[in-house]
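Let me begin by presenting the structure, written as structure tokens, before commenting on it.
Number of protein chains: 2
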Amino acid sequence: MNDEHVDGPVTPVDRYALRARVSAELVTFLDRHEALLASVSTDLAPVVAALRDFLDGGKRMRPAFCYWGWRAAAGDEWGSADQDRAERGGADQDSDEPAVVRAAAALELLQASALIHDDYMDGSDTRRGAPAIHRRFEALHRGGGWEGEPERFGAAAAILLGDITLTWCDELFTRCGLGAARIHAARPVFDLMRSEVMAGQYLDVVAQARGLSVSTPEETLARARTVIRYKSAKYTIERPLQLGAALATGVADGPLAAALSGYGLPLGEAFQLRDDVLGVFGDPATTGKPAGDDLREGKQTVLVALAAQQATEAQGKALRDGLGDPALDEAGVGELRSIITRTGALAEVEERISELTRTALAALEPAPITAESRAVLAELAVAATARKV
Amino acid sequence: MNDEHVDGPVTPVDRYALRARVSAELVTFLDRHEALLASVSTDLAPVVAALRDFLDGGKRMRPAFCYWGWRAAAGDEWGSADQDRAERGGADQDSDEPAVVRAAAALELLQASALIHDDYMDGSDTRRGAPAIHRRFEALHRGGGWEGEPERFGAAAAILLGDITLTWCDELFTRCGLGAARIHAARPVFDLMRSEVMAGQYLDVVAQARGLSVSTPEETLARARTVIRYKSAKYTIERPLQLGAALATGVADGPLAAALSGYGLPLGEAFQLRDDVLGVFGDPATTGKPAGDDLREGKQTVLVALAAQQATEAQGKALRDGLGDPALDEAGVGELRSIITRTGALAEVEERISELTRTALAALEPAPITAESRAVLAELAVAATARKV
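Sequences listed follow chains A and B, in order. Take the first sequence: its position 291, counted from the start at 1, is 295 in my numbering, and no numbers get skipped. Take the second sequence: its position 69, counted from the start at 1, is 73 in my numbering, and no numbers get skipped.
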């Protein structure tokens, strides 16, 4: 359920020092809340420390799409190659731009919430190369020699940290500094995005529970495609873009939103398919997760469903047996990888990624957006879907 | 961690048909979201069904305080004894009142989120006399003969349902129908309330982990008091009142907010102390939870901390051994109850409840609020703290 296998040393598109500025906004936000929480109790210090570490990571992908959705609509009044803008004191300019960076940064808090909860639900040990939040708080419990089960404490902490980042997303977004009416106009997209990603996550859990042993490969494939659409394509790309556009125009839908959909939905699907491939074939050094973790977690991806569909009887049995086995060792991972390759599933997914990326890029051509944003969105499409294995 | 032992057949103050109208707003909200989720997948039907059942319960306490915070500030332009207002088509009047009911109803979504997550964290089997959400989804998993552990599926469902109600809270609040500027002005209270309750819940978990075996009774008592303040006094009473007032005045603080604090904080503490007493001594028919559930969960309440402080060595040992033992039987519950009574802890807590309630009532006298709201808040104070065992 952790759609962040591309979290490693990938070079993203980063104009206007956006990544650094998103990080700075998150730090400022945490500083303010650290003061609030410290006034409540010193026992809250580990909460802030954990969130600081967690939020320090991440490729800032959703903020990038939100920001570029805004610029796509807002025009490029600062000149299309003006990468030094932030250094020249852009934040003091009489413009909405710094507030939009703040609104975009809020999406990292939503993503943090989703990942913290996902990692606990999936029983993942690591995230972004460090212990998952629930493991970190298990260790705090053990280190303190506290009462009760460390696992239960870790679980509660992860649930509550995910909850607080979820409300902080809304807080940072709403109080980003744009006028109340503008924020209000963008709310329908913001609200839809959150309901959709949670619905998608629930469907992902259902898909895993109604796995290949109780469903046909066709049912599994259909479920995997719905999950991709809601949990990834809309959440990661389409909605952030539309959210940014709505912040610029004060309108939640219309031709611009539709054009951004034409780019965002296929690209989002391609992005998730790439992530699924990395979840099976990715290098741990790149993904920050143990090799084959998705196989051990039993993720019912399109990749797996296609393999099941085209498998021989013996391959199908090996797939059903190995998938979701937490004790799956390196040889077992190797066997499943081989089945996924030999059935042609890998090639089919790679082909689909290329096709979806082409569709996304083609949708940019006629879109009513600025030349600069068209160029950047094209670069982002390549970065989000490129082979990294 | 479940501060709802007074959820049973208690008669609350309910003017203007507020409870029914809050329930109706929640139903309308769920209807709209059911349509959205149904368009995504039929697999989401159990999510909406579970939330419908869950949100049907509850005393609507936080909405009541929010509403009366608003009326306290907004004046009583409809006449102080006009209980038939809603029937006479009040919702069609050119006023903010229906939107305020909607904003108040949003607090039930926050509370639902907190309870759904709490019940999972505490391992509680029941809530409001029905299976807890995680148990309900465990049963769905078992009934379907799905793959994997039912408990893990139940956990994931509970986490995601708590997440979705958490975002729906701010969706309903923000889009209640009041002007964007008014909502915006009340946001600081809304945001503070959410951060505080989550901080309080984390501290509650820490308090249980750093229980009587590793902490002195004095440390436990100090922790229990902080938890009460943030998890209950502020969240249940002070902040809902101030939120309502801010929706009326467009100002988040000031003399009115301070006056409402003078009533809300002591009353909120008294309310939680009453809840703690019910958690140990309450009748399951009234509380909707098995007798002595708080003792089995190992809740480190003020009641328990006072008992530990005043216990003989033998009593202290029995308390430490029994508290948090999931297998504690009726006799064990009886013994702990007896210790809590014989040490004088129960009497001390009862005395404290009376004292706090008197303080809250006294704060109403000079408060710059309408006569009607003064009378209703006095009634609410009595209802929230009355003995029900």
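In this text, a Cβ means the ideal position worked out from N, Cα and C, and glycines have one as well.
**OP:** With a cut-off of 8 Å on the beta carbons, I'd call A:T465 and A:L207 a contact; round off their distance for me.
**Re:** With chain A covering 5 to 393 only, the question about residue 465 of chain A has no answer from this structure.
Original post:
What do you get for A:K63, buried or exposed, if any count of 16 or more other CB atoms within 10 angstroms of its CB means buried?
Top reply: Buried, because 16 or more other Cβ atoms sit within 10 Å of the Cβ of A:K63.
Original post:
DSSP state of B:R106, grouped into three classes?
Top reply: Three-state DSSP puts B:R106 in a helix.
**OP:** Could you check if B:G338 is buried or exposed, using at least 16 other CB atoms within 10 Å of its CB as the buried criterion?
**Re:** Classification for B:G338: exposed.
Original post:
Just the Cα atoms here: how many angstroms apart are B:P294 and A:T363?
Top reply: Cα to Cα, the separation comes out at about 58 Å.
Original post:
Can at least three beta-carbon pairs, one atom from the region 131-139 of chain A and one from the region 201-221 of chain A, be found at a separation below 8 Å?
Top reply: With a cut-off of 8 Å, the region 201-221 of chain A and the region 131-139 of chain A do not count as touching, because too few Cβ pairs lie within range.
**OP:** Could you list which residues in chain B have their beta carbon closer than 8 Å to that of A:R214, in chain order?
**Re:** Under a criterion of Cβ atoms nearer than 8 Å, the residues of chain B adjacent to A:R214 are, in order, G148, W150 and E151.
**OP:** Output the boundary residues of the alpha helix (DSSP H) element that contains A:K238.
**Re:** Where A:K238 is concerned, there is no enclosing alpha helix (DSSP H), because DSSP gives it neither an H nor an E.
Subject >> Beta-carbon neighbours of A:V51, restricted to chain B and to distances below 8 Å >> reply: Neighbourhood of A:V51 in chain B, by CB distance below 8 Å: A203 and Y206, in chain order.
Original post:
To which residues does DSSP link A:R341 through a beta bridge?
Top reply: According to DSSP, A:R341 bridges with nothing at all.
**OP:** Let me know the alpha helix (DSSP H) ranges lying completely inside the region 112-189 of chain A, each 4 residues or longer, listed in chain order.
**Re:** If we require 4 residues or more, the alpha helix (DSSP H) runs fully inside the region 112-189 of chain A come out as 137-148 and 154-178.
Subject >> Neighbouring residues, chain B, relative to A:E175 (Cβ below 7 Å) >> reply: Within 7 Å Cβ-Cβ: D195.
Subject >> CA-to-CA distance, B:R19 to B:A108, given in whole angstroms >> reply: When only Cα atoms are considered, B:A108 and B:R19 end up about 14 Å apart.
Subject >> Closer than 8 Å at the beta carbon, the chain A residues around B:G328 >> reply: Result: E151 and G152.
Original post:
If you draw a straight line from the C-alpha of A:R139 to the C-alpha of B:V104, how long is it?
Top reply: Answer to the nearest angstrom: the Cα atoms are 42 Å apart.
Original post:
Short check: CB of B:G73 to CB of B:Q246, under 8 Å?
Top reply: Between B:G73 and B:Q246, the C-beta gap is smaller than 8 Å, which places the two residues in contact.
**OP:** Output, in chain order, the set of chain B residues within a Cβ distance shorter than 9 Å of A:A2.
**Re:** The structure shown does not extend to residue 2 of chain A, since chain A is modelled only from 5 through 393, so no value can be given for it.
Original post:
Along the chain, which unbroken stretches of the alpha helix (DSSP H) at least 4 residues long are found entirely within the region 291-336 of chain B?
Top reply: Scanning the region 291-336 of chain B for uninterrupted alpha helix (DSSP H) segments of 4 residues or longer gives 297-301, 306-314 and 317-326, listed from N- to C-terminal end.
Subject >> Coarse secondary structure for A:L216, derived from DSSP in three states >> reply: Looking at A:L216 - three-state DSSP - the assignment turns out to be coil, as it is neither helix nor strand.
Subject >> Residues near A:Q319 in its chain [Cβ-Cβ closer than 6 Å; skip 5 each side] >> reply: Within the same chain, I343 come within 6 Å of A:Q319 by CB-CB distance, once the 5 residues on both sides are set aside.
**OP:** Drop a sphere of 10 angstroms on the beta-carbon of A:E359, count the other beta-carbons inside from all chains shown, and report buried for 16 or more, exposed for fewer.
**Re:** With a 10 Å radius around the Cβ and a threshold of 16 neighbouring Cβ atoms, A:E359 comes out exposed.
Original post:
Which residues of chain B have a Cβ atom closer than 8 Å to the Cβ of A:V209, listed in chain order?
Top reply: Here the neighbours are F157, A160, A161 and L164.
Subject >> Contact list for B:Y4 against chain A, beta-carbon separation under 9 Å >> reply: Given that chain B is displayed from residue 5 to residue 393, the structure contains no residue 4 of chain B and the question cannot be resolved.
Original post:
Out of curiosity, what's the CA-to-CA distance linking B:F194 and A:G328?
Top reply: Taking the straight line joining both Cα atoms gives about 42 Å.
Original post:
Applying the criterion that 16 or more other CB atoms from any shown protein chain within 10 Å of the CB defines a buried residue, is B:S265 buried or exposed?
Top reply: Classification of B:S265: buried, given that the 10 Å Cβ count is 16 or more.
Original post:
Can the beta-carbon of A:A68 be found less than 8 Å from the beta-carbon of A:L384?
Top reply: Annotated as proximal: A:A68 and A:L384, with beta-carbon spacing under 8 Å.
Original post:
chain B partners of A:R415, CB-CB under 8 Å?
Top reply: Any answer about residue 415 of chain A is impossible in this case: the structure gives chain A only from 5 up to 393.
Subject >> Counted within 10 angstroms of its Cβ, other Cβ atoms place B:P122 as buried (16 or more) or exposed >> reply: The sequence given here has Asp at residue 122 of chain B, not Pro. In this structure B:D122 is buried. Its beta-carbon is surrounded by 16 or more other beta-carbon atoms within 10 angstroms.
**OP:** Could you work out which residues of chain A lie near B:H188, taking near to mean beta carbons separated by less than 7 Å?
**Re:** Within 7 Å Cβ-Cβ: A184.
Original post:
Does the distance from the CB of B:I357 to the CB of A:M202 come in under 8 Å?
Top reply: Not closer than 8 Å, so no.
**OP:** Starting from the beta carbon of A:R191, find every residue of chain B whose beta carbon is closer than 8 Å, and list them in chain order.
**Re:** Within chain B, the residues near A:R191 are E175, T178 and R179.
Subject >> Minimum length 3: unbroken beta strand (DSSP E) runs contained in the region 11-77 of chain B >> reply: Entirely contained in the region 11-77 of chain B, not one beta strand (DSSP E) run reaches 3 residues.
**OP:** Kindly indicate if chain A contains any beta-carbon less than 8 Å away from that of B:V218.
**Re:** It does: the Cβ of B:V218 has a partner Cβ on chain A nearer than 8 Å.
Original post:
Any contact of the region 171-191 of chain A with the region 109-119 of chain A, i.e. 3+ C-beta pairs under 8 Å?
Top reply: Contact between the region 171-191 of chain A and the region 109-119 of chain A is present, because at least three Cβ pairs lie under 8 Å.
Original post:
Three-state secondary structure (DSSP) at A:A211?
Top reply: A:A211: helix per DSSP, three-state reduction.
Original post:
Do A:L269 and A:A388 have their C-beta atoms closer together than 8 Å?
Top reply: Cβ distance not < 8 Å, so A:L269 and A:A388 don't count as in contact.
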